[in-house]
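Q:
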Amino acid sequence: MPRFAANLSFLYPDLPFLERFEAAARDGFTAVEYLFPYAWSKQDLAARLRGNGLQQALFNAPAAGADLVSVGRAWDSGARGVLCLAERQDEFRYGMALALDYAATLECPRIHVMAGLLPNAVLRESLLQAVADRLRWACALAAEQGVTLLIEPINLRDMPGYFLNRQDHAHEILDAVAAANLQVQMDLYHCQVQEGDVATKLRRYLPTGRVGHLQIAGVPDRQEPDAGELNYHYLLALLDELGYSGWVGCEYRPRLGLQPGGTTAGLGWRQRWSF
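For the sequence shown, numbering that gives the first Met the number 0 gives the first residue as 0, with consecutive numbering after it.
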């Protein structure tokens, strides 16, 4: 059966963030992920992980910013990464150093590097070499502490203008960078919205060993993976068939929203589907 990690940026929205660790452990999760850790101290987060017997599976490098104040404001200000923005080299390097510092304390083996939004009137192809060069530098830095970096295709309905939105494009970047510690984060929700043919893509890419993390959510509403266009009973069984042993992040919005206990009430999908 796949190993599920609770995404604490999405699940348990009725609770303050630091209380979500205990809630996830109580519901049987043994790992967590979330968007950004930088609003909290490394020590507080590490204590929540240890105290609840949880592993940190993944978090994102900063969306932008060259200091903690600007990092904290970047996402809400619309930043979606600076990887493809050549003029923001200092922010990219600061963000990678900060992310790796947190990863060391949290014993987190993976960091998602957000690609960013394409500048107006700039063609994606014109930025590929610069993106590959920047990732090659970042991978060398991350390799010093045994961390794997991930890039994730994100659909253009949810994030218009995002630099990276197709699975084949992500794997082309891996080819160009040629770093052993660069992998793809494959979100099946984003894949279905942008491209479809999800099972075929799983069969194509999982055997390569270059997919380092998966995420799931129902389509089209990004709620529990128990309704909508994707047959997760089939897809989760396919992960076992293909021998995938990594984490599957539960990055969905609970159907019951902010209702107290709503996330827990919606976890019936996990109990029903055992393989």
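Note that the Cβ used here is the ideal one computed from N, Cα and C, for glycine as well.
Under a three-way DSSP split, which group does Gly71 fall into?
A: For the purposes of this step, residue 71 is taken as residue 72 along the sequence shown, with counting starting at 1. Here Gly71 sits in helix by DSSP.
Q: Got a sec? Which residues, its chain only, sit under 7 Å from Tyr161 by beta carbon, not counting five neighbours each side?
A: Translated into the one-based positions of the sequence shown, residue 161 becomes position 162. So the list reads Arg79, Ala114, Leu116, Ile153 and Leu155, once near-sequence residues are dropped.
Q: Hey, Leu276 and Ile150 are a contact pair by Cβ (cut 8 Å); roughly how many whole angstroms apart?
A: With the chain running from 0 to 274 in the structure shown, residue 276 is simply not present.
Q: Which same chain residues, not among the five before or five after Ala5, have their C-beta less than 6 Å away from its C-beta?
A: Here the question's residue 5 lines up with position 6 in the sequence shown. The residues are Ala23, Phe28, Val31 and Cys249.
Q: Return yes when the Cβ of Val218 is within less than 8 Å of the Cβ of Val192, no when it is not.
A: Residue mapping note: residue 192 aligns to position 193 of the sequence shown, counting from 1. Residue mapping note: residue 218 aligns to position 219 of the sequence shown, counting from 1. For Val192 and Val218, yes; Cβs fall inside 8 Å.
Q: Whose C-beta lies closer than 6 Å to the C-beta of Thr262 among residues of the same chain, with five residues either side of it excluded?
A: Sequence index remark: in the sequence shown, residue 262 carries index 263 (1-based). Here the set comprises Leu10, Tyr11 and Pro253.
Q: Name the residue from Asn164, Ser244, Ala102 and Glu18 whose alpha carbon lies nearest to the alpha carbon of Ile260.
A: Translated into the one-based positions of the sequence shown, residue 260 becomes position 261. With the sequence shown as reference, residue 260 is identified as Gly, and Ile is not the correct amino acid for it. Nearest C-alpha to Gly260: Glu18.
Q: Are there 16 or more other CB atoms within 10 angstroms of the CB of Gly265, so buried, or fewer, so exposed?
A: As a position in the sequence shown, residue 265 is number 266, starting the count at 1. Per the 10 Å Cβ criterion, buried.
Q: Compare the Cα-Cα distances from Ala175 to each of Leu122, Val146 and Leu134 and report the closest residue.
A: Within the sequence shown, residue 175 is the residue found at index 176, counting from 1. Closest option to Ala175, Cα to Cα, is Leu134.
Q: Val247 by DSSP, collapsed to three states: which one?
A: Position 248 of the sequence shown, counted from the start, is the residue given in the question as residue 247. Three-state result, Val247: strand.
Q: Going by DSSP, name the residue or residues bridged to Ile110.
A: As a first step, residue 110 must be located in the sequence shown, where it is residue number 111. Per DSSP, Phe58 and Leu148.
Q: Name the two residues that bound the continuous alpha helix (DSSP H) containing Val283.
A: Here the chain covers residues 0 to 274 and nothing more, so residue 283 does not appear.
Q: Select from Gly195, Ala142, Ala131 and Val146 the residue whose C-alpha is nearest the C-alpha of His170.
A: Indexing the sequence shown from 1 puts residue 170 at position 171. That would be Ala131, whose Cα lies nearest to the Cα of His170.
Q: Residue range of the beta strand (DSSP E) that Arg2 falls in?
A: As a first step, residue 2 is located in the sequence shown; it is residue number 3 there, counting from the start. From DSSP, the beta strand (DSSP E) with Arg2 extends over Arg2 to Asn6.
Q: Checking 8 Å against the spacing of the C-beta atoms, do Ala129 and Ala96 come in under that value?
A: For the purposes of this step, residue 129 is taken as residue 130 along the sequence shown, with counting starting at 1. For the purposes of this step, residue 96 is taken as residue 97 along the sequence shown, with counting starting at 1. Taking 8 Å as the Cβ cut-off, Ala129 and Ala96 do not qualify as a contacting pair.
Q: Where does Val121 land, buried or exposed, given buried means 16+ other C-beta within 10 angstroms?
A: As a position in the sequence shown, residue 121 is number 122, starting the count at 1. Per the 10 Å Cβ criterion, exposed.
Q: Since I believe Ile110 is in contact with Ala141 (beta carbons under 8 Å), could you give me their beta-carbon distance rounded to a whole number of angstroms?
A: Here residue 141 refers to the residue found at position 142 when the sequence shown is read from its first residue. Here residue 110 refers to the residue found at position 111 when the sequence shown is read from its first residue. With 8 Å as the limit, Ala141 and Ile110 qualify as a contact, their Cβ atoms being about 7 Å apart.
Q: Ends of the beta strand (DSSP E) at Gly256?
A: As a working mapping, residue 256 is identified with position 257 in the sequence shown. Run containing Gly256: none; DSSP gives neither H nor E here.
Q: Just how far apart, CA to CA, sit Phe16 and Gly256?
A: Locating residue 16 in the sequence shown gives position 17, counting from the first residue. Locating residue 256 in the sequence shown gives position 257, counting from the first residue. In a straight line, the C-alpha of Phe16 is about 15 Å away from that of Gly256.
Q: Which residue wins for smallest C-alpha separation from Asp100, given the options Gln42, Leu213 and Asp13?
A: Taking the sequence shown and counting its residues from 1, the one referred to as residue 100 is at position 101. Checked all of Gln42, Leu213 and Asp13; the closest Cα to Asp100 is Gln42.
Q: Would you call Ala46 buried or exposed, if buried means 16 or more other Cβ atoms sit within 10 Å of its Cβ?
A: Your numbering for residue 46 matches position 47 in the sequence shown. Answer is exposed; the Cβ neighbour count stays below 16.
Q: Roughly how many whole angstroms lie between the Cα atoms of Arg221 and Tyr251?
A: By one-based count along the sequence shown, residue 221 stands at place 222. By one-based count along the sequence shown, residue 251 stands at place 252. Approximately 5 Å, taken between the alpha carbons.
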